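Single-structure report; data block below.
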Amino acid sequence: MARAFRTAGVVGLGTMGAGIAEVFARAGLEVTGVEVDPGALERGRGHLTRSLDRAVGRGRLTEAGRAEIMGRITFTDSLAALAGADVVVEAIPEVMDYKRALFADLDRVCRPDAVLATNTSSLPVTAIAATTSRPGRVVGMHFFNPAPVMRLVEVVHTMVAEDGLAAEVAELARLLGKTPVTVGDRAGFVVNRLLLAYLNHAATLLEQGVAAVGDIDAAMRDGAGLPMGPFALMDLIGLDVVYEVCEVLFQETRDRRHAPAPILREMVTAGLLGRKSGRGFHAYGGAAPAAGV
Ligand code: 3HC
Numbered sequence: 001m002a003r004a005f006r007t008a009g010v011v012g013l014g015t016m017g018a019g020i021a022e023v024f025a026r027a028g029l030e031v032t033g034v035e036v037d038p039g040a041l042e043r044g045r046g047h048l049t050r051s052l053d054r055a056v057g058r059g060r061l062t063e064a065g066r067a068e069i070m071g072r073i074t075f076t077d078s079l080a081a082l083a084g085a086d087v088v089v090e091a092i093p094e095v096m097d098y099k100r101a102l103f104a105d106l107d108r109v110c111r112p113d114a115v116l117a118t119n120t121s122s123l124p125v126t127a128i129a130a131t132t133s134r135p136g137r138v139v140g141m142h143f144f145n146p147a148p149v150m151r152l153v154e155v156v157h158t159m160v161a162e163d164g165l166a167a168e169v170a171e172l173a174r175l176l177g178k179t180p181v182t183v184g185d186r187a188g189f190v191v192n193r194l195l196l197a198y199l200n201h202a203a204t205l206l207e208q209g210v211a212a213v214g215d216i217d218a219a220m221r222d223g224a225g226l227p228m229g230p231f232a233l234m235d236l237i238g239l240d241v242v243y244e245v246c247e248v249l250f251q252e253t254r255d256r257r258h259a260p261a262p263i264l265r266e267m268v269t270a271g272l273l274g275r276k277s278g279r280g281f282h283a284y285g286g287a288a289p290a291a292g293v
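With UniProt numbering applied, the sequence shown corresponds to residues 1 to 293, in that order.
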């Protein structure tokens, strides 16, 4: 019989981690959010507060509801606080060495039967699982940005996972109000494998002078029925993440559709990361857009 999930840990409270913590707390689980230092912890709390404020502002959540959700979340800089968690989701930067070190620590701290999940976008879950003494309880739970809104969770199943783990985690995703799909441990899984080739291609069209940023965005929004155009979406995801995921996909597949367009590297080097830095292909909060795009 599938276990009950009552307590969750989220490690890394950037845009994705904070959104994932919100999703768990909204579903009624007690959540422990962990960040490395007090500054990062405060930024994580800020992401969460702003997201809930927006929901209150739109009349989707009452003040009491917000207080209840925040009351279910504990913020800490100590991994030891995850000792009793039923499930832990890692949402730290996409650097394999960081992930492997964290999972080795989680393996020491967490209960042997806890599910250890990674929100990695593109790194091999099997290699992360191999750093633990319980690869059978390690899984990918890939959420999409913005996590409180997007319905999909890709449940990444490795060949060393326990029988029934993918079904157990899919059930957890349903408890969170999400739609799970089970995918194999191949770079980019399903969504990023397809989506990033499209986004990268949009950057190439821009470099080739086919059309301007605003016109390509309008074309895909109004001509293909997408909620936002490719440049608005890259700004939402973060150009650093887009670049890194393309790079990993290219290394693994050698498919040139994933070879990052030079403009992506240039913009990341310049610190033009999209919404989170105030400037990317578009400008946010009164900043000027990037010159020459
Ligand atoms: N946090 C919480 N809620 C948010 C939010 C955020 N960051 N952004 C928007 N919302 C909520 C709003 O509050 C609103 O909710 P309501 O209807 O209950 O009031 C709802 O989402 C719609 O928001 P808006 O009216 O402000 O704006 P839009 O209608 O334009 O929707 C959007 C915004 C949901 C971001 C929509 O444009 C969209 O779906 N865009 C595509 C996003 C996408 O493709 N994401 C996947 C990226 S790939 C990825 O994440 C994988 C990674 O590995 C790279």
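All residues carry an ideal CB built from backbone N, CA and C; glycine is no exception.
If you're wondering where the values come from, they're calculated on a predicted model, not measured in any experiment.
Residue range of the beta strand (DSSP E) that includes Phe75: Counting from one through the sequence shown, the residue named residue 75 turns up at place 75. That run of the beta strand (DSSP E) goes 73–76.
Throw me the rounded Cβ distance for the Thr76 and Thr126 pair, which I believe falls under 8 Å. By one-based count along the sequence shown, residue 76 stands at place 76. By one-based count along the sequence shown, residue 126 stands at place 126. About 29 Å separates the two Cβ atoms, so there is no contact after all.
When the Cα atoms are used, what is the spatial distance from residue 319 to Arg108? Because the chain spans 1 through 293 in this model, residue 319 falls outside it and cannot be assessed.
If you draw a straight line from the C-alpha of Gly209 to the C-alpha of Gly136, how long is it? For the purposes of this step, residue 209 is taken as residue 209 along the sequence shown, with counting starting at 1. For the purposes of this step, residue 136 is taken as residue 136 along the sequence shown, with counting starting at 1. In a straight line, the C-alpha of Gly209 is about 49 Å away from that of Gly136.
Hey, Phe24 and Val34 are a contact pair by Cβ (cut 8 Å); roughly how many whole angstroms apart? If you number the sequence shown from 1, residue 24 lands on position 24. If you number the sequence shown from 1, residue 34 lands on position 34. Between Val34 and Phe24 the Cβ distance is about 13 Å, and since that is not below 8 Å, they are no contact.
Should Ala55 be listed as close to the ligand 3HC, given that the test is whether its C-beta is under 7 Å from any heavy atom? The residue labelled residue 55 in the question sits at position 55 within the sequence shown. True, at least one ligand heavy atom lies under 7 Å from that Cβ.
CA-to-CA distance, Phe5 to Leu165, given in whole angstroms: On the sequence shown, position 165 is the one that residue 165 refers to. On the sequence shown, position 5 is the one that residue 5 refers to. Each residue's Cα considered, the two are about 13 Å apart.
Counting along the chain, where does the alpha helix (DSSP H) carrying Thr120 start and finish? The residue you call residue 120 lines up with position 120 of the sequence shown. Element bounds for Thr120: n/a, residue is neither H nor E.
Is Phe144 near the ligand 3HC - that is, is its Cβ less than 7 Å away from at least one heavy atom of it? Walking along the sequence shown from the start, residue 144 turns up at place 144. Correct: Phe144 has its Cβ closer than 7 Å to the ligand 3HC.
CB of Ser277 to nearest heavy atom of the ligand 3HC: below 7 Å? The sequence position of residue 277 within the sequence shown is 277, counting from 1. No - the ligand 3HC has no heavy atom lying nearer than 7 Å to the Cβ of Ser277.
State the Cα-Cα distance for the pair Gly46 and Val10, rounded to the nearest angstrom. The count along the sequence shown starts at 1 and reaches residue 46 at position 46. The count along the sequence shown starts at 1 and reaches residue 10 at position 10. When rounded, the distance between both Cα atoms is 15 Å.
Taking contact to mean 3 or more Cβ pairs, one atom from each stretch, closer than 8 Å, check whether the stretch 36–43 and the stretch 115–126 are in contact. no
May I ask whether a heavy atom of the ligand 3HC can be found less than 7 Å away from the beta carbon of Asn192? What you label residue 192 is simply residue 192 of the sequence shown in a count that begins at 1. Checking the Cβ of Asn192 against the ligand 3HC gives yes.
For the stretch 32–76, which segments carrying the beta strand (DSSP E) assignment without a break, of at least 3 residues, lie completely within its bounds, in sequence order? 73–76
For Asp255 and Asp53, the rounded distance between their alpha carbons: By 1-based counting over the sequence shown, the position of residue 53 is 53. By 1-based counting over the sequence shown, the position of residue 255 is 255. Whole-angstrom Cα-Cα distance: 43 Å.
Any contact between the stretch 51–66 and the stretch 82–92? By contact I mean 3 or more CB pairs, one from each, below 8 Å. no
Near the ligand 3HC: Arg60 beta-carbon under 7 Å from a heavy atom: Along the sequence shown, one-based indexing puts residue 60 at 60. For the ligand 3HC, at least one heavy atom lies less than 7 Å from the Cβ of Arg60.
Exposure of Met16, with buried meaning 16 or more beta-carbon neighbours within 10 Å: By one-based count along the sequence shown, residue 16 stands at place 16. Burial call: buried.
Which residue wins for smallest C-alpha separation from Gly71, given the options Ala85, Ala81, Thr49? Looking up residue 71 in the sequence shown gives position 71. Among Ala85, Ala81, Thr49, the Cα nearest to that of Gly71 is on Thr49.
List the DSSP bridge partners of Arg193. Position 193 of the sequence shown, counted from the start, is the residue given in the question as residue 193. Its beta-bridge partners do not exist; DSSP assigns none.
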